Amino acid sequence: MTEAQRGGRDLILRGRTLSFVDDPFSVGADNAVRHEWDGAVLIRDGAIDAVGPANDIIARAPDVPVESHGDKLLMAGFIDCHAHYPQTSVIASYGTQLLEWLETYTFPAENRFSDPDVARSAAETFLDECIRNGTTTACVYGTVHEGSADAFFEAAAARNMRMAGGKVAMDRHAPEFLVDTAQSAYDASKALIGRWHGKGRAHYAITPRFAPTSTPEQLEALGALWREVPDVLVQTHLSENTNEIAWVRELFPECPDYLGVYEKFGLLGPGAIFGHAIHLEPREIGVLRDSGSGIAHCPTSNTFIGSGLFDMAGLRDNAAPLPVGLATDVGGGSSFSMFSTMRTAYEIAQLRGYALHPAKAYWLATVGSAEVMRLDDRIGNLTPGRDADIIALDLRSTPVIAQRVATAESLWEELFAQMILADDRAVSAVYIAGNRVA
Ligand code: GUN
Ligand code: ZN
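Once you know that position 3 of the sequence shown is 267 in our numbering, the rest is easy, because the numbers rise by one and skip nothing.
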């Protein structure tokens, strides 16, 4: 890490530890995980230096102070790979599905972000809520206003959080106070990349909202920008709602399907993150896979705004899995908590006849999201070399959870109870680059 990113003093965290050594979708739960009952994490310079049995780690660094978390579970902070910070104020808005929800609630709320004070305060609220919920990294949409991205990155830098984000680009089919142009979206995104990408812990994401709100010229310009700066991310929405899909077919009749629009403009590949991806055609699945693009599964949003049931088994639990991460999609999503997000992912999978094992759910909420953000070498796992973005979880945070885990016979039963029942009360400590922030 650079000087600016460094955590403070060296530190050992002691507690139960959970790390992934492999992908549970490929090798099964027990082969994928390393769990220590009395484990420790050695943090040096804001990064994880070693993880193992507490006695070994303490013997290895006898001068480093130890912070004990008792029987709390130490694991990597959660990663939310698709959220809209300006929509925090419209979370829990009643009675609409996607296109009407955007018109009724979202666009008016996003209009307020022309005011930098609104953006600053919303960014701070969003990031503090992430921390309270144990989410240490997210991939975040701003609004069409360039200043919305500046406000977000400033607030993330003040908290030293590894955060990705971008200014939304949309130059049609939105209220006139919320549209940019092909050129201004390109210019503003490029300027933001120059100001923020790779500075401290910031990552830029080129952010065309979704195909219906961008002209072909704008998508072309953003595809060109990605070719110029290929190490930034791209984020957008894909096949969330059936009316949306029908609209895309009308707007882009020359494209074979919804994904074909992004394909046409060079917006597929590793580091491109497609939110939702519920109603995919077989061709789209093949192209997503072949291009190495990632999917952000947004379960609480998909149920809350009635979009549909994501096919986890078909997309991830097979011989040729696609990169998938887990996401809140706040404010279409109904919770900041990755516990609620995992619970709803489980429930959606159940409705499709598939039981999402807790090892897979926690993997999706950490390593999976890090992979789609191309940050899996830096975050998302309690392993040496990763940033020390670490949470401690109280596995008995409420009387009902305590009662439930009292009879648990395995780690998985305990972790499953958390993903079904827990909320922010289970997050007993949060470390950002080795510094305790909650
Ligand atoms: N599709 C285009 N914009 C949005 C948005 O803000 N939220 C969701 N859930 N879907 C979208
Ligand atoms: Zn979204």
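Here a beta-carbon is modelled for each residue, glycine too, at the ideal position from N, C-alpha and C.
Here the structure is a predicted model, which is why all the values come from computation and not from measurement.
Around the beta-carbon of E677, fewer than 16 other beta-carbon atoms lie within 10 Å, marking it exposed. The residue among G530, N566 and A419 with its C-alpha nearest the C-alpha of R491 is G530. In this structure, the beta-carbon distance from D688 to S601 falls below 8 Å.
With a cutoff of 7 Å, H561 does not count as near the ligand ZN, since its C-beta is closer than that to no heavy atom of the ligand. Here the alpha carbons of T592 and S599 stand approximately 7 Å from one another. Of the heavy atoms belonging to the ligand ZN, at least one sits nearer than 7 Å to the Cβ of D593.
For V498 against P476, the beta-carbon gap comes to about 17 Å, at or over 8 Å, which does not count as contact. Here the alpha carbons of V551 and D640 stand approximately 22 Å from one another. Secondary structure at Y695: strand, using DSSP grouped into helix, strand and coil.
Set against 7 Å, the gap from the CB of G334 to the closest heavy atom of the ligand ZN is not smaller.
Cα atoms of F568 and A323: separation of roughly 50 Å, rounded to the nearest angstrom. DSSP lists I537 as the beta-bridge partner residues of Q499.
Any heavy atom of the ligand GUN counts here; residues with a Cβ closer than 6 Å to one of them, in chain order, are H348, L362, L366, T370, R473, F474, H501, E504, S565, D593 and G596.
According to the DSSP assignment, D294 belongs to the alpha helix (DSSP H) that extends over A293 to A296. The three-state reading of DSSP puts K528 in helix, counting H, G and I together.
Counting along the chain, the unbroken alpha helix (DSSP H) around T608 starts and ends at M602 to L615. With distances taken between CA atoms, G316 lies nearest to L646 out of A413, L646, L685 and M425. Cβ atoms of R638 and P517 stay farther apart than 8 Å, at about 33 Å. As the crow flies, the alpha-carbon of S290 is around 18 Å from that of L282. The beta carbon of N507 sits closer than 8 Å to those of Q361, L362 and L363, all from its chain and outside the five residues before and after it, given in chain order. Here the distance from the Cβ of G539 to the nearest heavy atom of the ligand ZN is below 7 Å. Contact check for A577 against M606 fails: the beta carbons are separated by 8 Å or more.
A340 and R473 have their C-alpha atoms spaced approximately 29 Å apart.
Straight across, the Cα-Cα distance linking R547 with S503 is about 13 Å.
If you draw a straight line from the Cα of G406 to the Cα of F416, it is about 8 Å long. Our two residues, S478 and R384, have alpha carbons roughly 26 Å apart in a direct line.
DSSP places L282 in no alpha helix (DSSP H) but in the uninterrupted beta strand (DSSP E) bounded by L275 to F284.
The Cβ atoms of P350 and A386 sit closer than 8 Å to each other. Per DSSP, reduced to three states, the secondary structure at D313 is strand. Between the ligand ZN and the CB of H346, the shortest heavy atom gap is smaller than 7 Å. Excluding residues up to 5 positions away in sequence, A373 lie with their Cβ nearer than 6 Å to the Cβ of S353 in the same chain. In summary, S557 is buried, with 16 or more beta-carbon neighbours lying within 10 Å of its beta-carbon over all protein chains present. The segment 455–473 makes contact with the segment 422–440: 3 or more CB pairs, one atom from each, lie closer than 8 Å.
In this structure, DSSP gives G572 a state outside helix and strand, which the three-state scheme calls coil. A Cβ-Cβ distance of about 6 Å is found for the pair G589 and A560, placing them in contact under the 8 Å criterion. The criterion of a C-beta distance shorter than 8 Å is satisfied by H348 and G595.
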